[in-house]
Amino acid sequence: MEMVFIAAAIIIGMGALATGIGFGILGGKLLEATARQPEMANQLQVKTFIMAGLLDAVPMIGVGIAMYLIFVVAG
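For the sequence shown, the residue numbers in the UniProt record's numbering are 1 to 75.
Written out as structure tokens, the structure reads:
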């Protein structure tokens, strides 16, 4: 029973960690690309926001799975 709670905590924690790393890499690459080609800054920013939205979906799926584990499997 308590293993389900540990599994849910690991799912949420790893999702948050991976998202933080992903956002760091994404922001760094945006700055590098903007420094190399400043005239494309607007296009790069739009594409970065689209990727940030997709990147942010991953921990939300993890939270959904963790809630399923807590409330359905352990309940």
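Glycine residues also receive a C-beta, built at the ideal position from the N, C-alpha and C atoms.
- Gly62 is a Cβ neighbour of Gly15, given a cutoff of 7 Å.
- Exposed is the label assigned to Pro38, since fewer than 16 other Cβ atoms lie within 10 Å of its Cβ.
- In the DSSP assignment, Pro59 falls within the unbroken alpha helix (DSSP H) covering 41 to 68.
- DSSP places Gly22 within a helical segment (H, G or I) once states are collapsed to three.
- Using a 10 angstroms sphere on the CB of Ala9, the tally of other CB atoms stays under 16, which defines it as exposed.
- Taking every protein chain shown into account, the CB of Ala66 has 16 or more other CB atoms within 10 angstroms, so this residue is buried.
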